[in-house]
Amino acid sequence: MYQFPFGQPLQRVEQVPHTSARVFVLGVYSSAVHARWLGRDGKQRAAALAVASEPYIFWRGEGAGAIIDAIHIPPEAGRLVEADQRFNGPSGKSLDEDYLAPLGLVRDDAWLCDLLPESRMNKGQAARVLSDYAPVAKALGLPAANVPLVSTGYADHLRVEAVLEELLTSGANTLITLGDAPLREFVAALSLGHPKLRMYGTQPGQYGKRHPFSIRGRHLQLLPLTHPRQARALGNSDKEWGDLHRHWVQHTAGEITGVLGR
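Residues in the sequence shown are numbered consecutively from 155, following my numbering.
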(Lines of atoms letter the chains of each structure in order from A and count residues from 1; the text may use other names and numbers.)
(Lines give C-alpha, C1' and ligand atoms only; values in the text may rest on other atoms or scores of the structure.)
Protein backbone atom coordinates (compact mmCIF):
# COMPACT_ATOMS: atom_id res chain seq x y z
CA MET A 1 0.00 0.00 0.00
CA TYR A 2 1.31 3.42 -0.95
CA GLN A 3 1.37 6.01 1.83
CA PHE A 4 2.10 9.70 2.28
CA PRO A 5 4.38 11.01 5.03
CA PHE A 6 2.73 10.30 8.41
CA GLY A 7 0.77 7.37 7.02
CA GLN A 8 -2.28 8.49 5.06
CA PRO A 9 -3.03 5.99 2.27
CA LEU A 10 -2.81 6.97 -1.38
CA GLN A 11 -6.37 6.88 -2.75
CA ARG A 12 -7.98 6.94 -6.18
CA VAL A 13 -9.79 10.20 -6.85
CA GLU A 14 -12.51 9.96 -9.48
CA GLN A 15 -15.68 11.66 -10.66
CA VAL A 16 -18.92 10.72 -8.97
CA PRO A 17 -21.01 9.56 -11.97
CA HIS A 18 -23.88 11.80 -13.07
CA THR A 19 -25.95 12.32 -16.20
CA SER A 20 -25.82 16.09 -16.74
CA ALA A 21 -22.35 16.51 -18.26
CA ARG A 22 -21.98 18.90 -21.16
CA VAL A 23 -18.19 18.71 -21.20
CA PHE A 24 -15.66 16.02 -20.25
CA VAL A 25 -12.48 17.51 -18.79
CA LEU A 26 -9.32 15.39 -18.93
CA GLY A 27 -6.35 16.37 -16.77
CA VAL A 28 -3.10 14.62 -15.89
CA TYR A 29 -2.97 13.25 -12.33
CA SER A 30 -4.60 13.94 -8.98
CA SER A 31 -3.31 16.57 -6.61
CA ALA A 32 -2.76 16.21 -2.86
CA VAL A 33 -3.42 17.97 0.43
CA HIS A 34 -0.33 19.92 1.49
CA ALA A 35 0.63 20.76 5.06
CA ARG A 36 3.27 22.95 6.62
CA TRP A 37 5.45 20.80 8.84
CA LEU A 38 6.91 22.36 11.97
CA GLY A 39 9.53 20.58 14.03
CA ARG A 40 9.30 20.05 17.76
CA ASP A 41 11.26 23.29 18.18
CA GLY A 42 8.64 25.18 16.15
CA LYS A 43 10.95 25.72 13.21
CA GLN A 44 9.67 24.97 9.73
CA ARG A 45 10.79 21.67 8.26
CA ALA A 46 8.68 21.87 5.09
CA ALA A 47 6.51 24.66 3.71
CA ALA A 48 4.27 22.35 1.70
CA LEU A 49 4.48 18.61 2.35
CA ALA A 50 1.97 16.38 0.53
CA VAL A 51 0.24 14.41 3.31
CA ALA A 52 -3.04 13.07 1.85
CA SER A 53 -4.96 12.50 -1.37
CA GLU A 54 -7.24 15.34 -2.39
CA PRO A 55 -10.80 14.69 -1.11
CA TYR A 56 -12.41 15.03 -4.54
CA ILE A 57 -11.27 15.46 -8.12
CA PHE A 58 -10.00 18.95 -8.94
CA TRP A 59 -10.32 19.91 -5.28
CA ARG A 60 -10.55 23.65 -4.59
CA GLY A 61 -8.61 23.55 -1.32
CA GLU A 62 -11.42 24.08 1.16
CA GLY A 63 -11.31 22.14 4.42
CA ALA A 64 -7.56 21.56 4.23
CA GLY A 65 -7.12 22.43 7.90
CA ALA A 66 -9.61 19.80 9.05
CA ILE A 67 -8.00 17.12 6.88
CA ILE A 68 -4.56 17.96 8.26
CA ASP A 69 -5.79 18.11 11.88
CA ALA A 70 -7.09 14.54 11.55
CA ILE A 71 -3.62 13.18 10.73
CA HIS A 72 -1.94 11.77 13.83
CA ILE A 73 1.61 12.95 14.35
CA PRO A 74 3.55 12.20 17.54
CA PRO A 75 4.76 15.25 19.51
CA GLU A 76 8.36 14.17 18.93
CA ALA A 77 7.86 14.74 15.20
CA GLY A 78 6.47 18.24 15.64
CA ARG A 79 3.13 19.22 14.17
CA LEU A 80 1.33 19.78 10.90
CA VAL A 81 -0.54 22.98 10.12
CA GLU A 82 -2.31 24.20 7.02
CA ALA A 83 0.06 25.23 4.23
CA ASP A 84 -0.25 28.56 2.46
CA GLN A 85 -3.47 28.62 0.47
CA ARG A 86 -1.61 28.70 -2.85
CA PHE A 87 -0.50 25.10 -2.27
CA ASN A 88 -3.97 23.56 -1.87
CA GLY A 89 -6.50 23.44 -4.68
CA PRO A 90 -4.98 25.82 -7.24
CA SER A 91 -5.85 23.60 -10.21
CA GLY A 92 -9.43 23.16 -9.00
CA LYS A 93 -9.88 26.91 -8.60
CA SER A 94 -8.36 27.48 -12.01
CA LEU A 95 -10.65 24.88 -13.58
CA ASP A 96 -13.75 26.63 -12.27
CA GLU A 97 -12.65 30.19 -12.95
CA ASP A 98 -10.41 29.96 -16.03
CA TYR A 99 -12.11 27.15 -17.98
CA LEU A 100 -15.69 26.39 -16.93
CA ALA A 101 -16.91 29.89 -16.05
CA PRO A 102 -15.77 31.44 -19.37
CA LEU A 103 -17.81 28.73 -21.11
CA GLY A 104 -20.85 29.52 -18.99
CA LEU A 105 -20.48 26.24 -17.09
CA VAL A 106 -20.28 25.07 -13.48
CA ARG A 107 -19.07 21.81 -11.95
CA ASP A 108 -22.44 20.11 -12.40
CA ASP A 109 -22.05 20.60 -16.17
CA ALA A 110 -18.74 18.74 -16.27
CA TRP A 111 -17.46 15.19 -15.89
CA LEU A 112 -13.90 15.45 -14.56
CA CYS A 113 -11.20 12.86 -15.13
CA ASP A 114 -7.43 12.45 -14.86
CA LEU A 115 -5.18 10.20 -16.92
CA LEU A 116 -3.89 8.93 -13.59
CA PRO A 117 -6.53 9.06 -10.81
CA GLU A 118 -3.91 9.16 -8.04
CA SER A 119 -1.42 11.66 -6.70
CA ARG A 120 2.28 11.47 -7.50
CA MET A 121 5.40 13.03 -5.98
CA ASN A 122 7.48 15.40 -8.07
CA LYS A 123 11.25 15.50 -7.67
CA GLY A 124 11.10 18.32 -5.14
CA GLN A 125 8.63 16.46 -2.93
CA ALA A 126 10.65 13.25 -3.17
CA ALA A 127 13.86 15.04 -2.19
CA ARG A 128 12.11 16.62 0.79
CA VAL A 129 10.77 13.27 1.94
CA LEU A 130 14.22 11.71 1.65
CA SER A 131 16.08 14.48 3.44
CA ASP A 132 13.53 15.58 6.05
CA TYR A 133 10.86 12.95 6.64
CA ALA A 134 12.71 9.65 6.18
CA PRO A 135 15.22 10.18 9.04
CA VAL A 136 12.43 11.22 11.43
CA ALA A 137 10.26 8.29 10.33
CA LYS A 138 13.10 5.86 10.93
CA ALA A 139 13.92 7.29 14.35
CA LEU A 140 10.31 7.35 15.55
CA GLY A 141 8.99 4.23 13.80
CA LEU A 142 6.62 6.17 11.55
CA PRO A 143 5.27 4.78 8.25
CA ALA A 144 7.58 5.05 5.28
CA ALA A 145 6.45 7.50 2.59
CA ASN A 146 6.34 5.67 -0.73
CA VAL A 147 3.97 7.54 -3.04
CA PRO A 148 5.42 6.92 -6.52
CA LEU A 149 7.33 9.57 -8.42
CA VAL A 150 5.86 11.35 -11.42
CA SER A 151 6.75 9.34 -14.51
CA THR A 152 6.88 10.18 -18.21
CA GLY A 153 3.74 8.15 -18.88
CA TYR A 154 0.44 8.20 -17.01
CA ALA A 155 -2.00 5.92 -18.83
CA ASP A 156 -1.45 2.40 -20.16
CA HIS A 157 -3.85 0.89 -22.71
CA LEU A 158 -6.19 -0.36 -19.98
CA ARG A 159 -6.42 3.11 -18.47
CA VAL A 160 -7.02 4.64 -21.91
CA GLU A 161 -9.96 2.27 -22.36
CA ALA A 162 -11.28 3.17 -18.91
CA VAL A 163 -11.08 6.90 -19.68
CA LEU A 164 -12.84 6.32 -23.00
CA GLU A 165 -15.60 4.44 -21.21
CA GLU A 166 -16.01 7.38 -18.81
CA LEU A 167 -16.15 9.80 -21.74
CA LEU A 168 -18.88 7.82 -23.49
CA THR A 169 -20.79 7.27 -20.24
CA SER A 170 -20.71 10.97 -19.38
CA GLY A 171 -22.89 11.93 -22.33
CA ALA A 172 -20.77 15.04 -22.90
CA ASN A 173 -20.41 16.25 -26.47
CA THR A 174 -17.12 18.09 -25.89
CA LEU A 175 -13.80 16.73 -24.62
CA ILE A 176 -11.62 19.39 -23.00
CA THR A 177 -7.97 18.41 -22.60
CA LEU A 178 -5.61 20.25 -20.25
CA GLY A 179 -2.08 20.43 -21.64
CA ASP A 180 -0.02 18.03 -23.74
CA ALA A 181 -0.25 14.84 -21.66
CA PRO A 182 -3.96 14.12 -22.30
CA LEU A 183 -3.44 14.82 -26.00
CA ARG A 184 -0.43 12.54 -26.20
CA GLU A 185 -1.70 9.69 -24.04
CA PHE A 186 -5.41 9.68 -24.84
CA VAL A 187 -6.30 11.65 -27.97
CA ALA A 188 -3.31 10.61 -30.07
CA ALA A 189 -3.24 7.12 -28.56
CA LEU A 190 -6.71 6.58 -30.05
CA SER A 191 -5.78 8.37 -33.31
CA LEU A 192 -8.33 11.10 -32.61
CA GLY A 193 -6.03 14.09 -33.07
CA HIS A 194 -2.61 15.62 -32.55
CA PRO A 195 -0.30 14.69 -29.64
CA LYS A 196 0.74 18.26 -28.80
CA LEU A 197 -1.24 21.42 -28.11
CA ARG A 198 1.11 23.46 -30.28
CA MET A 199 0.02 21.45 -33.32
CA TYR A 200 -3.47 22.96 -33.05
CA GLY A 201 -2.05 26.46 -33.48
CA THR A 202 -0.32 29.06 -31.35
CA GLN A 203 -2.06 32.20 -32.58
CA PRO A 204 -4.96 33.84 -30.71
CA GLY A 205 -7.28 33.01 -33.58
CA GLN A 206 -6.31 29.33 -33.46
CA TYR A 207 -6.07 28.53 -29.75
CA GLY A 208 -9.12 27.15 -27.99
CA LYS A 209 -11.16 26.13 -31.03
CA ARG A 210 -13.22 22.93 -31.21
CA HIS A 211 -12.20 20.09 -33.51
CA PRO A 212 -14.63 17.31 -34.52
CA PHE A 213 -13.87 13.62 -34.06
CA SER A 214 -15.82 10.38 -34.04
CA ILE A 215 -15.41 7.25 -31.96
CA ARG A 216 -17.62 4.20 -31.50
CA GLY A 217 -20.49 5.79 -33.35
CA ARG A 218 -20.39 9.04 -31.38
CA HIS A 219 -19.67 12.41 -33.00
CA LEU A 220 -17.88 14.64 -30.50
CA GLN A 221 -15.78 17.79 -30.34
CA LEU A 222 -12.25 18.19 -28.96
CA LEU A 223 -11.38 21.45 -27.21
CA PRO A 224 -7.62 21.39 -26.50
CA LEU A 225 -6.55 23.93 -23.88
CA THR A 226 -3.42 24.61 -21.88
CA HIS A 227 -2.81 23.21 -18.40
CA PRO A 228 -3.91 25.26 -15.35
CA ARG A 229 -0.23 25.72 -14.51
CA GLN A 230 0.02 27.98 -17.55
CA ALA A 231 -3.46 29.49 -17.37
CA ARG A 232 -2.94 30.71 -13.80
CA ALA A 233 0.85 31.09 -13.84
CA LEU A 234 1.39 28.45 -11.16
CA GLY A 235 5.05 27.74 -10.40
CA ASN A 236 7.26 27.38 -13.46
CA SER A 237 4.74 28.37 -16.09
CA ASP A 238 4.93 29.36 -19.75
CA LYS A 239 3.92 32.97 -20.38
CA GLU A 240 3.11 32.33 -24.05
CA TRP A 241 0.40 29.81 -23.18
CA GLY A 242 -0.82 31.93 -20.30
CA ASP A 243 -1.31 34.91 -22.61
CA LEU A 244 -3.07 32.76 -25.20
CA HIS A 245 -5.43 31.37 -22.60
CA ARG A 246 -6.27 34.81 -21.21
CA HIS A 247 -7.08 35.95 -24.75
CA TRP A 248 -9.31 32.88 -25.13
CA VAL A 249 -11.14 33.72 -21.89
CA GLN A 250 -11.76 37.29 -23.02
CA HIS A 251 -12.51 36.81 -26.71
CA THR A 252 -13.14 33.20 -27.75
CA ALA A 253 -14.79 31.17 -25.00
CA GLY A 254 -18.07 33.06 -25.28
CA GLU A 255 -18.39 32.01 -28.92
CA ILE A 256 -18.39 28.35 -27.85
CA THR A 257 -20.90 28.62 -25.01
CA GLY A 258 -23.98 28.35 -27.18
CA VAL A 259 -22.91 25.17 -28.98
CA LEU A 260 -21.93 22.98 -26.02
CA GLY A 261 -25.34 21.32 -25.84
CA ARG A 262 -27.25 19.95 -22.89
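Every residue, glycine too, gets a C-beta built ideally from N, C-alpha and C.
In this structure, residue 176 sits away from residue 387, with a CB-CB distance that is not shorter than 8 Å. Taking a contact to require three or more Cβ pairs closer than 8 Å, the segment 332 to 352 and the segment 180 to 193 qualify as touching.
Taking C-beta separations shorter than 8 Å and ignoring five residues to either side along the sequence, the partners of residue 366 in its chain run 373, 374, 375, 376, following chain order.
The continuous alpha helix (DSSP H) containing residue 219 extends over residues 218 to 223.
Taking 8 Å as the cut-off, the beta carbon of residue 301 is found closer than this to the beta carbon of residue 158. Nearest Cα to residue 351 within the set 309, 315, 263, 394: 394. Residue 251 and residue 258 have their C-alpha atoms some 10 Å from each other.
Relative to the Cα of residue 198, the nearest Cα in the group 266, 261, 232, 402 belongs to 232.
Taking the Cα positions, residue 220 is about 16 Å away from residue 203.
With a threshold of 16 other beta carbon atoms within 10 Å, residue 411 falls short and is exposed. With at least 16 other beta carbons inside 10 angstroms of its own, residue 236 counts as buried. Under DSSP, residue 268 forms a beta bridge with 181.
The criterion of a C-beta distance shorter than 8 Å is satisfied by residue 294 and residue 230.
Taking the CA atoms as reference points, residue 402 sits about 10 Å from residue 357. When the Cα atoms are used, residue 267 and residue 171 turn out to be separated by approximately 11 Å. Around residue 218, the same chain offers 187, 236, 242 as residues with beta carbons nearer than 7 Å, after the five sequence neighbours per side are excluded.
By the CB criterion at 8 Å, residue 392 and residue 384 fall inside the cutoff. For residue 352, the three-state secondary structure derived from DSSP is helix. In this structure, the straight-line span from the alpha carbon of residue 192 to that of residue 378 is close to 41 Å.
Minimum Cα-Cα distance from residue 381 among the listed residues 361, 224, 345, 371 corresponds to 361.
Residue 340 and residue 271 have their C-alpha atoms some 14 Å from each other. Under a 10 Å Cβ-count criterion, residue 260 is classified as exposed, with fewer than 16 other Cβ atoms of the shown protein chains found around its own Cβ.
One thing to note: residue 178 has its Cβ no nearer than 8 Å to the Cβ of residue 337. Here the alpha carbons of residue 369 and residue 397 stand approximately 32 Å from one another.
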